[in-house]
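Participant:
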Amino acid sequence: MNDTKREYQEFPVYENSLEANYVDGYVPVSYEAPHSSLVRSITWIGMGLVLASLAGFGTLLFGLASNTVGSQSNWDMYAMIGAVLGVGMLVVGFAAIYVGRRNLREWRARTGRKD
Numbered sequence: 001m002n003d004t005k006r007e008y009q010e011f012p013v014y015e016n017s018l019e020a021n022y023v024d025g026y027v028p029v030s031y032e033a034p035h036s037s038l039v040r041s042i043t044w045i046g047m048g049l050v051l052a053s054l055a056g057f058g059t060l061l062f063g064l065a066s067n068t069v070g071s072q073s074n075w076d077m078y079a080m081i082g083a084v085l086g087v088g089m090l091v092v093g094f095a096a097i098y099v100g101r102r103n104l105r106e107w108r109a110r111t112g113r114k115d
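If you're matching positions, the sequence shown starts at 1 in the UniProt record's numbering and goes up one per residue.
#1: Where G35 and V23 are concerned, what is the direct C-alpha to C-alpha distance, given to the nearest angstrom?
#2: Using the Cα positions of V91 and R108, report the straight-line distance between them to the nearest angstrom.
#3: Would you give the residue range spanned by the alpha helix (DSSP H) that N67 belongs to?
#4: Quick check: F62 and G82, are their CB atoms within less than 9 Å of each other?
#5: Quick check on DSSP: helix, strand or coil for N103?
#6: Leaving out the 5 sequence neighbours to the left and right, which residues in its chain are closer than 7 Å to R40 when beta-carbon positions are compared?
#7: Report all residues from its chain with a CB closer than 6 Å to the CB of G93; omit the five preceding and five following residues, and keep chain order.
#8: DSSP three-state label for D24, please.
#9: I think T59 touches L85, with their Cβ atoms under 8 Å apart; what is that distance to the nearest whole Å?
Written out as structure tokens, the structure is:
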């Protein structure tokens, strides 16, 4: 038998939070960080609603343009539906994005980081 002493390597003790172990100057990759808003479905749904609001605003413009040309007898209905859809989807979309970025705001407040 070999009676030589074994030397054991000591490993650092890590804290419970992932952020406490970041090296100074390290900026977490946006898509892989646990606080990222890009991995939350509500953020992407909100961005889709903001983009879809353009259809409502397009309908609003169609209704207003139909009034000047006189091609549609119910131009005011098109304008109202377009305005309601456009503003509604825009407000709900921005609210969803705000909710989706909640983890990022909490992480920034907890760590004091600005990035």
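Even for Gly, the Cβ is constructed at its ideal location relative to N, Cα and C.
Facilitator: Based on what the coordinates show:
#1: Walking along the sequence shown from the start, residue 35 turns up at place 35. Walking along the sequence shown from the start, residue 23 turns up at place 23. Here the sequence assigns His to residue 35, which means Gly is not the residue at that position. Answer to the nearest angstrom: the Cα atoms are 17 Å apart.
#2: Start at 1 with the first residue of the sequence shown, and residue 91 comes out as number 91. Start at 1 with the first residue of the sequence shown, and residue 108 comes out as number 108. Straight-line Cα distance between these residues: approximately 25 Å.
#3: Numbered from 1 along the sequence shown, position 67 holds the residue referred to as residue 67. Unbroken alpha helix (DSSP H) run through N67: S41 to V69.
#4: Position 62 of the sequence shown, counted from the start, is the residue given in the question as residue 62. Position 82 of the sequence shown, counted from the start, is the residue given in the question as residue 82. Yes; because the gap between Cβ atoms is below 9 Å, this pair is in contact.
#5: Walking along the sequence shown from the start, residue 103 turns up at place 103. DSSP places N103 in helix when its eight states are reduced to three.
#6: As a first step, residue 40 is located in the sequence shown; it is residue number 40 there, counting from the start. Correct list, in chain order: G100.
#7: Position 93 of the sequence shown, counted from the first residue, corresponds to residue 93. Correct list, in chain order: G46, L49 and V50.
#8: By 1-based counting over the sequence shown, the position of residue 24 is 24. Note: D24 maps to coil in three-state DSSP.
#9: In the sequence shown, counting from the first residue as 1, residue 59 sits at position 59. In the sequence shown, counting from the first residue as 1, residue 85 sits at position 85. Correct: roughly 7 Å between the Cβ atoms.
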